[in-house]
Amino acid sequence: MRKWTVLFVLLLGILPSVQAETAQQKGLAIIIESDNRDKGWQDSSADMLMTLRNKKGRQSIRQIRVKNLEVEGDGDKGLTVFDQPRDVKGTAFLTYSHALVPDEQWIFLPALKRVKRISSSNKSGPFMGSEFAYEDISSFEVAKYSYLYLRDEILDGQDCFVLETRPLYKHSGYTKSTVWIDKDEYRIQKIDFYDRKDSLLKIQRFSDYQQYLGQYWRADTMTMENQQNGKSTTLKWSNYRFQTGLTAKDFEKNDLKRQR
Amino acid sequence: MILNVNDKWRVLLALLLFAVMLPSHASEWSGYSAVEYRYFQHQSLNSPAGQHDLSVVLAPEFYHQWHDGQQSLIIAPFLRVDSEDAERSHADLREARWLIAKDDWELQLGIAKVYWGVTESQHLVDVINQTDLIENTDTEDKLGQPMINLSVFQDWGTVELFVLPYFRERIFAGKEGRLRSQLVVDSDKAQYESAAKQHHLDVAVRWSHSIDDWDMALSHFYGTNREPLLQPNQSFTALIPYYEIINQTGFELQNTSDSWLWKLEVIRRETSSQTFTALTGGFEYTFYGVFASDLDVGLIGEYLFDDRNDELATPFEDDVMIGTRITWNDEQSSELLFGVIQDLDSSDAVWNIEASRRIGSRWKVSLEGRFFSVAETNSALYQIRDDDHIQLELARYF
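Protein chains in written order, with the working numbering: chain B, 1 to 260; chain U, 1001 to 1398.
What follows is the structure in structure tokens.
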């Protein structure tokens, strides 16, 4: 009799939580799993080739070097240096990103040798005239969005979770995004971005995923297609390196002046 | 250390040869060349120069790094050839410095450029490098400064120490040039308070730090005043620069919250003849993506103050600057800066416009305009009141 009581109490305790895994909880659980699988990379560096295409197919390129430092319990630190176009060569950005409080950001202007603290409110503006907004290339933090699991779907032959995310930080250019995450490795495969009027603005696709250190997946190619103006931007990543021994000392204001 | 023009070219050539001979895998050349055209709206009051001025610029930069970037060398000569003013045709070694960087410190040796400050309308605190006034009246072009510069990085901020063994004189427009006073400045006759003249050992120290939304710095400079007093010679045919020894303490503060930047620069300068305080303070507020476009529109407001209250020493003794910065965020990085500095005690004003746009991947076109509305005869700007001009520059980057 007593055994039955214990079992009954256990069932009472467990069942509601199983039944009540809402779409929000499921969405959050998927994102947390995806985020956990990408923890522990410590630091990374990579080269980025950005190709901008307008409606007529005319192209222009930007060459950028990026270093990142993983910060436990906070947003990552990032250092970005321009090689192309040549008139902005040596221009460097330092960002301390945070989930919900504004990022801290400095820019180095090589012509004047001036380090300038800048506002990080410009989330929705284009990054270097591209179809990527600043918020699209900033460090991902779970706390930046709310999540809603929508459905399962096969995308390009891959079984995916489909989630809806809504930004919780200020100044976003989006009302919501639809995100496809593959069930095998929990990698983002596609994002549909919806503008402030809730109409489809851009589609980002992730391809040529490579695995580093036997754990961390990075897409070598990212394409952003603007559905409203016909322009697109492709990012090609190369020379990814992880755990190169970078520390917080390599991500300080003073380091901006030395970047080449 | 005093080099005549021939020596300068020899040094330059030697450095360039040295640069070319270094192994090329960790070395690179970059820089730009440009053509500049200036149009003056009026005939000059003081100079035989006409209303048109054409000049060309060559500004290459050599960079070499080794030891995984811990050590590096930069050599950056600069040359302008001007069709009108022999003084504006000038060569300079903007940089020729070796740098070694470790985790907690960094040492810079040679000719280098250093920027201090936060405000936009004027740069009071920025005292290390001499201003190349003949390049541009906006005081943002600088001559290379020989220095030993040690920086130490601590949790409580960065401390920079400077030893400046040689002083660079300010260059002024010549007889054939515009943007000058009625009397030409005779730099060859420059006088110094210190018997050591250009070899006076100037020193400076600066502490800077960032805490959350705040960026701040405190600095002190002891040495040769970068701004000379200009005194007429006995025959009243020229102005003679006189360089005093000064003690100058500077303070910089910026608060960055959301779309607001709040800025303050204060200096207190002590010379043997006087002590004064000057400041620039204000804000920059940016509207991002106005009218559902990619356009950013910034509003800038700054107050400029100098307690000497002497328009001849500085025209910005009780003035307000109002301006706007428009950034298109387009593929060509188009931008526009427009502003006016209005004197609060008179109707005098200076208007300024700067715009630029990239063409293709290697060209850039820039437009600058300065317009003077000056009626006060005791203002330092009165002499250049008819030098309103626009300049167009086409640069190619390599």
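Where a beta carbon is used, it is the ideal one built from N, C-alpha and C, also for glycine.
It should be emphasised that the depicted structure is a prediction, and the values quoted were computed from it without experimental measurement.
Start-end ranges of the beta strand (DSSP E) lying completely within the segment 204–256 of chain B, minimum 3 residues: Contiguous beta strand (DSSP E) elements confined to the segment 204–256 of chain B occur at 216–226 and 232–242, taking only those with 3 or more residues.
Classification of U/D1345 by the beta-carbon crowding that lies within 10 angstroms, buried from 16 upward: With fewer than 16 other Cβ atoms within 10 Å, it is exposed.
Every unbroken beta strand (DSSP E) within the segment 69–127 of chain B, with a cutoff of 3 residues, ordered by chain: Fully enclosed beta strand (DSSP E) runs of no fewer than 3 residues occupy 77–84, 92–96, 104–109 and 114–118 of the segment 69–127 of chain B, in order along the chain.
Top-ranked residue by Cα proximity to U/D1319, from U/R1080, U/L1264, U/L1279 and U/G1289: It is U/L1279.
C-alpha gap between U/H1090 and U/T1137, whole angstroms: Using only the alpha carbons, I get a separation of about 16 Å.
First and last residue of the uninterrupted beta strand (DSSP E) at U/A1088: Before going further, note that residue 1088 of chain U is Arg rather than Ala in the sequence given. DSSP places U/R1088 outside any beta strand (DSSP E), giving it a letter other than H or E.
contact_flag[the segment 1142–1149 of chain U, the segment 1110–1120 of chain U] where n(CB pairs < 8 Å) is 3 or more: Short answer: they touch.
Exposure label - U/V1184; buried when at least 16 CB within 10 Å: U/V1184 should be labelled buried.
Amino acids of chain B, ordered along the chain, whose beta-carbon sits closer than 9 Å to that of U/S1151: Within chain B, the residues near U/S1151 are N254.
Touching by the beta-carbon criterion (3+ pairs, under 8 Å), the segment 1260–1275 of chain U and the segment 1242–1249 of chain U: Enough Cβ pairs lie closer than 8 Å, so yes.
Three-way DSSP call (helix, strand, coil) for B/V142 in this model: In the structure shown, the three-state DSSP call for B/V142 is helix.
Status (buried if at least 16 other CB within 10 Å, exposed otherwise) for U/F1287: Exposed is the call here.
U/Q1332 (DSSP reduced to helix, strand or coil): Three-state result, U/Q1332: coil.
The segment 219–234 of chain B in contact with the segment 244–256 of chain B per 3-pair CB rule at 8 Å: These segments do not touch.
Under 9 Å between C-beta atoms of U/N1329 and B/G57: No, they are not a contact pair.
Within chain U, the residues that B/P167 reaches when beta carbons sit closer than 9 Å: Simply none; closest approach about 15 Å.
Whole-angstrom distance between B/N36 and B/Q211, CA atom to CA atom: Whole-angstrom Cα-Cα distance: 15 Å.
Reduced DSSP category for U/I1245 - H, G, I as helix; E, B as strand; rest coil: Three-state DSSP puts U/I1245 in a strand.
Spatial distance of B/V81 from U/A1375 (CA atoms): If I take the Cα positions, the gap works out to 47 Å.
CB of B/L49 within 9 Å of CB of B/F132, strictly: The Cβ-Cβ distance between B/L49 and B/F132 does not fall below 9 Å.
Nearest-angstrom Cβ-Cβ length linking B/Q84 and B/Q63, presumed shorter than 8 Å: Correct: roughly 4 Å between the Cβ atoms.
Reduced DSSP category for B/Y186 - H, G, I as helix; E, B as strand; rest coil: Secondary structure at B/Y186: coil, using DSSP grouped into helix, strand and coil.
Neighbourhood of U/L1179 by C-beta distance below 7 Å, restricted to the same chain and skipping five residues each side: Taken in chain order, the residues that qualify are T1137, A1173, I1384 and D1387.
Beta-carbon proximity check, B/Y209 vs B/R241, cutoff 9 Å: Taking 9 Å as the Cβ cut-off, B/Y209 and B/R241 do not qualify as a contacting pair.
Residues near U/S1347 by beta carbon distance below 8 Å, same chain, minus five either side: Around U/S1347: S1373 and A1375.
Per-residue DSSP class, three states only, for U/V1290: Looking at U/V1290 - three-state DSSP - the assignment turns out to be helix.
Cβ contact check for the segment 119–129 of chain B and the segment 1121–1137 of chain U: 3 or more pairs under 8 Å: As far as the Cβ criterion goes, the segment 119–129 of chain B does not touch the segment 1121–1137 of chain U, which means the pair count is below three.
Within chain B, the residues that U/V1114 reaches when beta carbons sit closer than 8 Å: Correct list: K113.
Under the three-state DSSP convention, the category U/N1352 falls into: Judged by DSSP in its simplified three-state form, U/N1352 adopts strand.
Any chain U beta carbon closer than 9 Å to B/P16: Residue placement at B/P16 is poorly supported in this model, since its pLDDT is 49, which falls under 50; the coordinates still yield a value, given next. Between B/P16 and chain U, the shortest Cβ-Cβ separation is not below 9 Å.
Chain-ordered neighbours of U/L1261 on chain B, where CB pairs are closer than 7 Å: The answer, in chain order, is S119.
Beta-ladder partner(s) of U/H1042, from DSSP: As computed with DSSP, U/H1042 is found in no beta bridge at all.
Among U/D1132, U/H1199, U/E1169 and U/Y1222, nearest to U/L1161 - alpha-carbon criterion: Here the closest residue by C-alpha is U/Y1222.
Contact with chain B by U/M1001, beta-carbon distance below 9 Å: Interpretation of U/M1001 is limited by its pLDDT of 40, a score under 50 that renders its predicted location unreliable; no figure is taken from the coordinates.
Alpha-carbon spacing of B/M222 relative to U/I1326, whole angstroms: Roughly 30 Å between the two C-alpha positions.
Alpha-carbon to alpha-carbon, U/Y1242 and U/I1002: Because the pLDDT at U/I1002 is just 45, under 50, the model does not fix this residue reliably, and the value given afterwards should be weighed accordingly. About 18 Å.
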